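Residue numbers (our numbering): 27 to 460. Reviewing the structure listed below.
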Ligand SMILES: [Zn+2]
């Protein structure tokens, strides 16, 4: 066990246990038996009472009723007063981003004021914090100007140098000229960009090849950039890559048997994302019925990231304030339509855009408040995300053969929305930190 059953306090409230096994110890591996008062296994519709989880090495050997005999010599962890779940999966994070608070210099300060060592130290803290809050896997969708740093943080975790979750990294991300920060500086200045900038299908394919060569597990693409409210009151988003550019990236990435995550808000960029064959839509603030039908047909994953659109609104009578309110308004409608259409929804927070000091479980509250069943919300952060990551049966589930990534919380699934709310901004450190 690389990270032996460390105790932490999870955002869902209560004291928790994390088992995060990685490197296989020499045989025979010792046996651990975890008593679960209530077990939510990540795939079943209902919790089960009084279960025993047998762990050998880094994997779960079997799950049985509490009456099952525990072999002599097995280590017993008693969680009979807790609810036990698979380690959670956040499918949209940025460990290299340290908030975008305008008072602290906004997004730009991440790149202009912090050197790479400071950024790596912060990413290390973010990784540890995710693990402490019960998130044992992250799909980290770009480093925001920190190059291939995610690949190296992942390496440091895998070699046991630092504690952290399993990471699926997207490295640098791809957008177009005029399609990403830093921007708004004097045109004479050659400013660094938070993503790799390409123009044309040849450059697009080359960027994908470079990122895949250097260890990207996913490719992240920005299909929209700026957004604003037009004279009719509609949310409008500036499209970035063309369908031809995106198709070159998707074709290249699929050849490596990897997938493409597409940031897309709405409109032209959203349509290009779907026509170009994106595997997951990130944010997806506003989708037409036809676009939702296209996602269902193509099997596209939807990672809505509701939470970040409720914070830091500009004043209501300003263009930015109107935009902020329009984003949240259309997002709610789209999320409800996506639920109705049974789109494949995965849990994502956009942590990094949200300061890492905030609770990572806050997205549960948003999903449930908009009509998602609590157990469905849990599965969006367990087995469903595992399927998107091609790790079905290995993570996001408590069953024989899966990695022994186990967390425990007080309460049960019916309290998901409520408990996560109780872990809000005002009580962050007291309730949610390790
Ligand atoms: Zn993001």
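Backbone N, C-alpha and C fix where the C-beta goes; we use that ideal spot for every residue, glycine too. Every value quoted in this text rests on a predicted model; they were computed, and no experiment measured them.
Given that a residue counts as buried once 16 or more other Cβ atoms are within 10 Å of its Cβ, and exposed if not, what is residue 324? exposed
Within the present structure, is the beta-carbon of residue 116 separated from the nearest heavy atom of ligand 1 by less than 6 Å? no
From residue 229 to residue 393, what distance separates their C-alpha atoms? 38 Å
I need the straight-line Cα distance from residue 351 to residue 179, nearest angstrom please. 36 Å
Let me confirm a value: residue 102 is counted as buried when at least 16 other C-beta atoms fall within 10 Å, else exposed. Which label applies? exposed
Give the C-beta separation of residue 278 and residue 235 to the nearest angstrom, bearing in mind that I take them to be a contact with Cβ-Cβ under 8 Å. 6 Å
Residue range of the unbroken beta strand (DSSP E) whose run includes residue 487: Outside the shown range of the chain (27 to 460) lies residue 487, about which nothing can therefore be said.
Expressed to the nearest angstrom, what Euclidean distance is found between the alpha-carbon atoms of residue 138 and residue 248? 21 Å
Along the chain, where does the beta strand (DSSP E) containing residue 265 start, and where does it finish? 261 to 265
Rounded separation between residue 182 and residue 343 - CA only: 47 Å
Going residue by residue through the stretch 366 to 435, where are the continuous beta strand (DSSP E) segments of at least 3 residues, counting only ones entirely within it? 432 to 435
Which complete alpha helix (DSSP H) runs does the stretch 75 to 150 hold, if anything under 4 residues is left out? 132 to 138
Cβ of residue 338 within 6 Å of any heavy atom in ligand 1? no
Taking C-alpha atoms, which residue in 70, 114, 283 and 189 lies nearest to residue 435? 114
By the 10 Å Cβ neighbour count, where 16 or more other Cβ atoms means buried, how is residue 439 classified, buried or exposed? buried
Which value, in whole angstroms, describes the spacing of the CA atoms of residue 136 and residue 383? 16 Å
Counterpart residues of residue 288 in DSSP-defined beta bridges: 247 and 307
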